[in-house]
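Undergrad: Once you know that position 157 of the sequence shown is 156 in numbering that gives the first Met the number 0, the rest is easy, because the numbers rise by one and skip nothing. All C-beta atoms, glycine included, are put in the ideal place defined by N, C-alpha and C.
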Amino acid sequence: MRVRMRRPVRQSFWCSPARLLCPLRLAVSAMALGLMLGQQSALALDLDSTDGLNTETVASRDRLKYWDNTKRFGAESVGTRDRQYVEPEGIRAGEFLVFPSAGALVIFDDNVLAHDIERKSDIRTDLTPGVALRSQFSRHVLDMSLDGKIVNYLDNTDQNYADVRARVDGALHFDNANTLGIDLLSALEHEERDDPSYPLTAKGPIEIFHNRVTAGITHDVSRLYGTISATAESWSYTNAEAVNGTTLNEEARDTQIYSSQLKAGYRISPGFELVSKFRVLRAENRGDLKIDRDAWGFEALAGLAFETNPLLRWRILGGFGSRDYDQANLPDVRTLLVQADVQWLPTQRLTLYATVAREILDTTDIASSTATQSKLKLRAEYDVYHDVVLNGGLEFRREEFGSIDRTDDSVIASVGVDYYYTKNWLFTFGYEHQVRDSTTDSQDMHRNRFMLGAKLRF
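1. Does the segment 215-234 come into contact with the segment 256-264, if we say contact requires no fewer than three beta-carbon pairs (one atom in each stretch) closer than 8 angstroms?
2. Give the DSSP-derived three-state secondary structure of residue 354 in the structure shown.
3. Can you tell me whether residue 60 is helix, strand or coil according to DSSP?
4. Out of 379, 149, 196 and 173, point me to the one whose CA is closest to residue 403's CA.
5. Does the count of Cβ pairs from the segment 290-299 and the segment 267-274 closer than 8 angstroms reach three?
6. Residues in its own chain within less than 7 angstroms of residue 97 by CB, not counting five upstream and five downstream?
7. Candidates 359, 450 and 341: which alpha carbon is nearest residue 323's?
8. Which partner residues of residue 325 appear in the DSSP bridge assignment?
9. Using the three-state DSSP reduction, which class does residue 260 fall into: helix, strand or coil?
10. Are the beta-carbon atoms belonging to residue 101 and residue 79 less than 9 angstroms from one another?
11. With 16 as the cutoff for other CB atoms within 10 Å, does residue 400 come out buried or exposed?
12. Give a yes or no on whether the C-beta atoms belonging to residue 172 and residue 186 are separated by under 9 angstroms.
13. What did DSSP end up calling residue 83 once you bin it into helix, strand or coil?
14. Does DSSP classify residue 156 as helix, strand or coil?
15. What first and last residue would you give for the beta strand (DSSP E) that runs through residue 245?
16. Please go through the same chain and pick out, in chain order, the residues whose beta-carbon is closer than 6 angstroms to the beta-carbon of residue 466, but skip the five residues on each side of it.
17. Could you give the uninterrupted runs of the beta strand (DSSP E) lying entirely in the segment 108-193, keeping only those of 3 residues or more?
18. Measure the C-alpha to C-alpha separation of residue 189 and residue 159 and round it to an integer number of angstroms.
19. Below 9 angstroms between beta carbons: does that hold for residue 51 and residue 253?
20. Give the single residue among 316, 107, 53 and 428 whose Cα lies nearest to the Cα of residue 216.
21. Considering only DSSP beta bridges, list what residue 207 is partnered with.
22. Quick check on the burial criterion: 16 or more other C-beta atoms within 10 angstroms. Buried or exposed for residue 219?
23. What's the C-alpha gap between residue 245 and residue 440?
24. What's the gap between the Cα of residue 199 and the Cα of residue 115?
25. Would DSSP call residue 442 helix, strand or coil?
26. Less than 9 angstroms between the C-beta atoms of residue 453 and residue 427, yes or no?
27. What would DSSP say about residue 394, mapped onto helix, strand or coil?
28. For residue 350, which residues of its own chain have a beta-carbon under 6 angstroms away from its beta-carbon, when the five flanking residues on both sides are left out?
29. Might you give, ordered along the chain, the residues of its own chain that have their beta carbon closer than 6 angstroms to the beta carbon of residue 113, omitting 5 neighbours on each side?
30. DSSP on residue 251, reduced to helix/strand/coil?
31. Below 8 angstroms on the Cβ atoms is my contact criterion, and I expect residue 151 with residue 121 to pass it. Report the Cβ-Cβ distance as a whole number of Å.
32. Within 10 Å of its beta-carbon, does residue 373 have 16 or more other beta-carbons around it, so buried, or fewer, so exposed?
33. Going by DSSP in three states, residue 385 sits in which element: helix, strand or coil?
34. Tell me the DSSP secondary structure of residue 403 in three-state form.
35. Please state whether DSSP places residue 197 in a helix, a strand or coil.
36. Closest to residue 357 by CA distance: which of 386, 389 and 319 is it?
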């Protein structure tokens, strides 16, 4: 979340090397505090998420131009920097701009099956064709996209699959302060072997039909703003072939979630905002003779987003969440929710991020009722040159599965480079190292992946 500034910003916001130690101590202290809180709490709610809904109003768009003048003086993150000079211009088609694209990613993976029992290395290629239509109406929005992913392995061809996704995003700005939004998603997806819910007895990726519809109204014109919305989402699993040749009944994992949420905030001043989010949901799971995850859920977060200065931004939230299962022998979940985020711009070329969270995952593991995930995530972006961006990340993660005795500890380290060669060509290079240590020995994993990609955009 960007916190807007009314006052002009001066170059003096940038620290000398000696002065960098002060905000660094603050960032480390906040991360430590968030980690201690996260050990006793559960986060089930992403404050930024509105299930794909467009929540911008005409008034908020105009206010953004007035308040967010920090960018003129370089106080902006690397990821949000304006790169129109290396972005495709699109193809004009009436009131729309059409953006076709085609990408290719080559990955060397030294542990294709994602466990250490039987390690296999292979070369994988991901082909990602797509086309997006962005409306150019003077007031309203009607965007559409269609994209796919075709995955092929050189040797382990039983892991091949193809995905396709269609999406429609619309917004009706019926006055300056109010927006009616709708988002539709329909996709054919596949669950891969490194997913926490993937059954290891399956032979290849598991086919999933994923559909979602979201609609909501946003009011945003002054200090108080908010969005109220409703979402219906479903996942339908296709039966899969097991390693021994039998058929796995994956239809027992079919799930529908119906939810309604309210996201609201109050701008105390340009540098401080009260933020909150509240959601109720009903989860319906087809289940089998052993487990049925039908449940009612409640989640709420509230807190403060603020700036120590325009180069150091914070967001700290706390709240409460619950899952009440219809099945009597499934333990209910009632827990505190906590989230802490920090964004620091030590120089004009470097942006650092830190996030501490603990989440409730509505897992579809055939034997588990739910799972909790605790994580500490650090990320850095560095503008090497105007068309070259270096990025790196380090993540520590723990997943604890309910109803079964299984805990997974994971460490993920990554580094990559994005090279904007021209407006039409984007090249990417990356390396990722994963380690998963599980109380279930068959889930242990050590993995290295080297990636080389190219994308043609118009």
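TA: To lay it out plainly:
1. yes
2. strand
3. helix
4. 196
5. no
6. 89, 90, 130 and 132
7. 359
8. Note: residue 325 sits in no beta bridge, so no partner.
9. strand
10. no
11. buried
12. no
13. helix
14. helix
15. Looking at the DSSP string, residue 245 is not in any beta strand (DSSP E), and its letter there is neither H nor E.
16. The question about residue 466 has no answer here: the residues shown for the chain are numbered 0 through 457.
17. 121-134, 140-152, 160-171 and 177-190
18. 10 angstroms
19. no
20. 53
21. 188 and 236
22. buried
23. 24 angstroms
24. 12 angstroms
25. helix
26. yes
27. strand
28. 76, 77, 344 and 380
29. 192, 193 and 444
30. helix
31. 10 angstroms between Cβ atoms; not a contact.
32. buried
33. coil
34. coil
35. coil
36. 319
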